[in-house]
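Enquirer: Each residue of the sequence shown is one higher than the last, beginning at 198 in the numbering used here.
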Amino acid sequence: MSISRINGFADLFDGDAAVFELMESTCRSMFTRYGFREVRVPVMEYTELFARGIGTETDVVQKEMYTFPDAHGKLQSLRPEATAGVMRAYINASLHARESVSKLFTYGPMFRCERPQKGRMRQFHQIDCEIVGTPEPTADAELILLVTDYLKALGLSGLSLHLNSLGCPECRPKFRMALIEHLQKYEADLCEDCQRRLHTNPLRVLDCKRDHDSEALQTAPVIADFMCPDCRSHYETVTALLHDSNIEYVQDNCLVRGLDYYCRTTFEVRSDAIGAQTAVAGGGRYDGLIKNLGGPNLPGIGFACGMERLALLMSKRDLPRKDFYLICLDKECIPSGFAIAADLRRNGLSGEMGYAVQGMKSSMRQAGKSGARYTIILGSDEMARQTAAVKDMDAGTQQEVAQDKLVTVLTIKD
198 MSISRINGFA
208 DLFDGDAAVF
218 ELMESTCRSM
228 FTRYGFREVR
238 VPVMEYTELF
248 ARGIGTETDV
258 VQKEMYTFPD
268 AHGKLQSLRP
278 EATAGVMRAY
288 INASLHARES
298 VSKLFTYGPM
308 FRCERPQKGR
318 MRQFHQIDCE
328 IVGTPEPTAD
338 AELILLVTDY
348 LKALGLSGLS
358 LHLNSLGCPE
368 CRPKFRMALI
378 EHLQKYEADL
388 CEDCQRRLHT
398 NPLRVLDCKR
408 DHDSEALQTA
418 PVIADFMCPD
428 CRSHYETVTA
438 LLHDSNIEYV
448 QDNCLVRGLD
458 YYCRTTFEVR
468 SDAIGAQTAV
478 AGGGRYDGLI
488 KNLGGPNLPG
498 IGFACGMERL
508 ALLMSKRDLP
518 RKDFYLICLD
528 KECIPSGFAI
538 AADLRRNGLS
548 GEMGYAVQGM
558 KSSMRQAGKS
568 GARYTIILGS
578 DEMARQTAAV
588 KDMDAGTQQE
598 VAQDKLVTVL
608 TIKD
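(1) Restricting to Cα atoms, I'd like to know which of Leu541, Phe500, Arg542 and Ala569 is closest to Cys224.
(2) Run through the segment 303-352 for me and flag every whole beta strand (DSSP E) of 3 or more residues, listed as ranges in chain order.
(3) Tell me the rounded alpha-carbon separation between Glu278 and Asp427.
(4) Could you check how far apart the C-beta atoms of Asp337 and Phe302 are, in whole angstroms? I think they sit under 8 Å.
(5) Between the segment 494-513 and the segment 522-531, are three or more C-beta pairs nearer than 8 Å?
(6) Using 10 angstroms around the beta-carbon of Arg285, count the other beta-carbons present and answer buried if the total reaches 16, otherwise exposed.
(7) Given that a residue counts as buried once 16 or more other Cβ atoms are within 10 Å of its Cβ, and exposed if not, what is Ala536?
(8) So for Pro266, helix, strand or coil by DSSP?
(9) List the endpoints of the continuous alpha helix (DSSP H) containing His440.
(10) Taking Cys525 as part of the beta strand (DSSP E), name the residues at either end of that continuous run.
(11) Since I believe Lys519 is in contact with Ala569 (beta carbons under 8 Å), could you give me their beta-carbon distance rounded to a whole number of angstroms?
(12) I believe His359 touches Leu452 by the beta-carbon criterion, under 8 Å. Please report the beta-carbon distance rounded to the nearest angstrom.
(13) How far does the alpha helix (DSSP H) with Ile609 in it extend, from its first residue to its last?
(14) How is Thr463 classed by DSSP in three states: helix, strand or coil?
(15) If we count Cβ pairs, one from each stretch, closer than 8 Å, do we get three or more for the segment 353-367 versus the segment 468-488?
(16) Under 6 Å Cβ to Cβ from Asp484, same chain only, skipping five residues before and after it: list those, please.
(17) Tell me whether Val238 sits in a helix, a strand or coil according to DSSP, three-state version.
(18) What span of residues does the beta strand (DSSP E) with Cys391 cover, start to end?
(19) Please list the segments of the alpha helix (DSSP H) lying wholly inside the segment 548-592, counting only runs of 4 or more residues, in order along the chain.
(20) On the premise that Lys588 lies in contact with Thr605, defined as a C-beta separation below 8 Å, what is that separation, rounded to the nearest angstrom?
(21) In the DSSP output, what is His379 paired with across the bridge?
(22) So who's on the other strand from Ala478, going by DSSP bridges?
(23) Can you name the start and end residues of the alpha helix (DSSP H) that Ala413 belongs to?
(24) Using C-beta distances below 7 Å, list every residue in its chain close to Glu261, excluding the 5 sequence neighbours before and after it, in chain order.
(25) Does DSSP put Tyr243 in a helix, a strand or coil?
(26) Can you find the residues in the same chain that come closer than 6 Å, C-beta to C-beta, to Tyr243, ignoring five residues on each side of it along the sequence?
(27) Taking 9 Å as the cut-off, decide whether the C-beta atoms of Gln323 and Gly305 are in contact.
(28) Indicate whether Val419 and Thr462 have their beta-carbon atoms separated by less than 9 Å.
(29) What number of angstroms, rounded off, separates the C-alpha of Leu523 from the C-alpha of Gln563?
(30) From this set, Ile288, Asp591, Gly205 and Pro370, which residue's C-alpha is nearest Phe423's C-alpha?
(31) If you draw a straight line from the C-alpha of Lys558 to the C-alpha of Thr584, how long is it?
(32) Would you report the Cα separation of Phe247 and Ala281, rounded to the nearest angstrom?
(33) Hey, would you say Leu586 sits closer than 9 Å to Gln596, going by beta carbons?
(34) Taking only the alpha-carbon atoms, compute the straight-line gap between Leu509 and Pro313 and give it to the nearest angstrom.
(35) Which value, in whole angstroms, describes the spacing of the CA atoms of Ser411 and Asp449?
(36) By DSSP's criteria, Val402 is part of a beta bridge. Which residues make up the other side?
And the structure:
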């Protein structure tokens, strides 16, 4: 009996893999244009990193991480998100001692043990981007501009940018207390998760999809009424810069994001074309995270894009077409065919050679399945004349070409 793949983990072939490759190559091209450089971090970290970084009261740490002890009993986890690992790498490498501002990006698989659904897998992939070392609102606006430019470069449309501020340690506690006092009046009407969050992470109640239209949330206090002067000025500068850049946004007072480390500017890019999981990208400022992880007291801001969700909005990409498929009709032709195929590839052409010697009909059937533009046919007659038969698979025409002229003929395409 064959072994099936684990539920929530996907295999990607052909067009699906090409979509991911496009997201990665576009990310590398665009992010470096903005002055970011790539960092690659492990997919596994000590569990303490995520507990301290994400927050012990979050659903991610409490319920969703793949965690197990190593040989010495120390807990380690597959990463559920990228920011904590990038910050750990930043601290370990002492980048703050070498540069005042660091701009880093990474991409790869993340892991959360949750119910698989459309756009949400147990192994999923994210593109992650971080700016560390500056508190300036210009960095917030630039990062939001980057994510919108990136999504446009992928050809996506029909997206909406949602924006909010979560305040700071000075003003958020006042809002938190007012929110708890308000929600306690409606506690019996809240869903089970929100009843728990009310006492552990009350801001997350605002993000509840089940209670979104309830009276409790519709009448809840908004953080804008509690912001200190510095937070208000910061947020007004961000929104002004976005306005000057013609970036439209929705002021979303219920946008809080799911992780404890966020403060001040927070944002999401949403689509209504992929079902319940509407967020395709999101992030915000995390000015206390690096200090909390044992590093210097430096500000930061970042975002992540869910690649599976982006893929749902992108059509499958056709794979680049092969230039040739080479057929050997006799065993004696194989050495020459092998050398010809290698020479064509060295000269920038793409293609493959049929491994087995078969009849003409079977060989041409395989050539057709390959999707190659040209089929090169080598038989005993061609070998005797040092030529090859070249069939244009689109036009259906065939010509005899000297073997040393194949590169030239196949390179000239209409």
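All C-beta atoms, glycine included, are put in the ideal place defined by N, C-alpha and C.
Since the model is a prediction, treat every value here as computed from it, not as a measurement.
Expert: Short version:
(1) Taking each of Leu541, Phe500, Arg542 and Ala569 in turn and checking the Cα distance to Cys224, the smallest one comes out for Phe500.
(2) 320-329
(3) When rounded, the distance between both Cα atoms is 30 Å.
(4) Asp337 to Phe302, Cβ: 16 Å. No contact.
(5) no
(6) buried
(7) exposed
(8) Look at Pro266 here: in three-state DSSP terms it is strand.
(9) Pro426 to Asp441
(10) Taken as a continuous stretch (DSSP letters only), the beta strand (DSSP E) holding Cys525 covers Phe521 to Cys525.
(11) 4 Å
(12) With 8 Å as the limit, His359 and Leu452 qualify as a contact, their Cβ atoms being about 5 Å apart.
(13) Taken as a continuous stretch (DSSP letters only), Ile609 belongs to no alpha helix (DSSP H), as it is neither H nor E.
(14) strand
(15) yes
(16) If we look at Asp484 and ignore the five residues flanking it on each side, its Cβ neighbours are Cys460 and Pro496.
(17) coil
(18) No beta strand (DSSP E) contains Cys391, which is instead part of the alpha helix (DSSP H) from Glu389 to Thr397.
(19) Complete alpha helix (DSSP H) runs here, min 4: 557-567 and 577-582.
(20) Not confirmed; about 17 Å, so no contact.
(21) Paired residue(s): none; His379 is not in a bridge.
(22) According to DSSP, which records beta bridges pairwise, Ala478 is partnered with Val466 and Cys502.
(23) DSSP places Ala413 in the uninterrupted alpha helix (DSSP H) bounded by Glu412 to Gln415.
(24) Pro277, Arg309, Cys310 and Glu311
(25) strand
(26) Once the five neighbours on either side are set aside, the close Cβ partners of Tyr243 are Gln273.
(27) yes
(28) no
(29) 10 Å
(30) Pro370
(31) The straight-line gap from Cα to Cα measures roughly 21 Å.
(32) 6 Å
(33) One point to set straight first is that residue 586 is Ala, not Leu, in the sequence displayed. A contact, by the Cβ cut-off of 9 Å.
(34) 15 Å
(35) 16 Å
(36) BP columns for Val402 are empty, so no partner.
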